[in-house]
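When the letters of the sequence shown are read in order and numbered with full-length UniProt numbering, they come out as residues 1 to 189. A short write-up of the structure that comes next.
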Amino acid sequence: MPPPVKTQPPTKLEFTMNSLRNTALSTDDDTMHYEIVTRYWHPNVTKINKFDMETRELITIGEIEGLQTKEPRVRFGGDKGQWISAADFLKYDADNTGGTFKVSEDAEYRWKTHKGRFQLIKSDDPEKKPLAEFHPHQRHFFVFRMSKHAYFQLQPIPEIMQAIDKFIDSILIGYPETYSVWIWRGPKH
Numbered sequence: 001m002p003p004p005v006k007t008q009p010p011t012k013l014e015f016t017m018n019s020l021r022n023t024a025l026s027t028d029d030d031t032m033h034y035e036i037v038t039r040y041w042h043p044n045v046t047k048i049n050k051f052d053m054e055t056r057e058l059i060t061i062g063e064i065e066g067l068q069t070k071e072p073r074v075r076f077g078g079d080k081g082q083w084i085s086a087a088d089f090l091k092y093d094a095d096n097t098g099g100t101f102k103v104s105e106d107a108e109y110r111w112k113t114h115k116g117r118f119q120l121i122k123s124d125d126p127e128k129k130p131l132a133e134f135h136p137h138q139r140h141f142f143v144f145r146m147s148k149h150a151y152f153q154l155q156p157i158p159e160i161m162q163a164i165d166k167f168i169d170s171i172l173i174g175y176p177e178t179y180s181v182w183i184w185r186g187p188k189h
């Protein structure tokens, strides 16, 4: 009888900087590399670029416009995508911490907090098993240089890996400028 199949370890997407608007998310071996950029000549537009390993080029997979305004918009698929309201993409729920967003017609995910950590769960999951979990950065003696960068730990589920662009956009829309304090800000008034 063959040995049981080993489960894949979780994927670790590590942040390179403390600014959530200007950072890179990547794995240790760079099989997944995302660049989040807000250019100074376009301070109202944040772009999410994915590095394609085969063609060696950056591809814009998402854009967020007007994060500092009352009506931010989001677009997927580069210049060919349609702008949609951020409130339509990431729905705020007054009863629960966090917001929900749809990846497809049958897949809806929700951000929640558990013991002070942000987690992504499937909305209809009764067990509330986290599919992604945020781990904040750590500093030497709490003031010096970072000893460990912040990272997201993603479970190796194909549907989460395919929806990573919407996952990253939902983080940027729902949370403040830096991830040192993670508080759901909800709709702006």
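Positions of the beta carbon are idealized from the N, C-alpha and C atoms, including for glycine.
| query | result |
| --- | --- |
| Give, in chain order, every unbroken run of the beta strand (DSSP E) that is at least 3 residues long and sits entirely within the segment 72-109. | 73-76, 90-92 and 99-102 |
| Taking Cβ to Cβ, would you say residue 173 is nearer than 9 Å to residue 90? | yes |
| Any idea which residues DSSP pairs residue 114 with across the strands? | 117 |
| Among residues of its own chain, excluding the 5 on either side of residue 124, which ones have a beta-carbon nearer than 8 Å to its beta-carbon? | 108 |
| How far does the beta strand (DSSP E) with residue 61 in it extend, from its first residue to its last? | 57-65 |
| I need the boundaries of the alpha helix (DSSP H) containing residue 160, first residue and last residue. | 158-162 |
| Could you check if residue 161 belongs to the surroundings of the ligand ZN, using beta carbon to heavy atom distance under 8 Å? | The ligand ZN is not part of this structure, which contains no ligands at all. |
| Can you tell me whether residue 83 is buried or exposed? The criterion is at least 16 other CB atoms within 10 Å of its CB, across all chains shown. | exposed |
| Report the three-state DSSP secondary structure of residue 129 (helix, strand or coil). | coil |
| Taking the CB atoms as reference points, tell me whether residue 115 and residue 128 lie closer together than 9 Å. | no |
| Could you give the distance in angstroms between the alpha-carbon of residue 51 and the alpha-carbon of residue 99? | 28 Å |
| The beta strand (DSSP E) spanning residue 24 covers which residue range? | 23-26 |
| Just to confirm my understanding: we take residue 95, look at its own chain, exclude 5 residues before and 5 after, and list those with CB closer than 8 Å. What are they? | none |
| Would residue 6 and residue 154 be called neighbours here (beta carbons separated by less than 9 Å)? | no |
| I need the boundaries of the beta strand (DSSP E) containing residue 235, first residue and last residue. | Limits of the chain in this structure are 1 at one end and 189 at the other, which puts residue 235 out of reach. |
| Around the C-beta of residue 78, are 16 or more other C-beta atoms found within 10 angstroms, so that it is buried, or is it exposed? | exposed |
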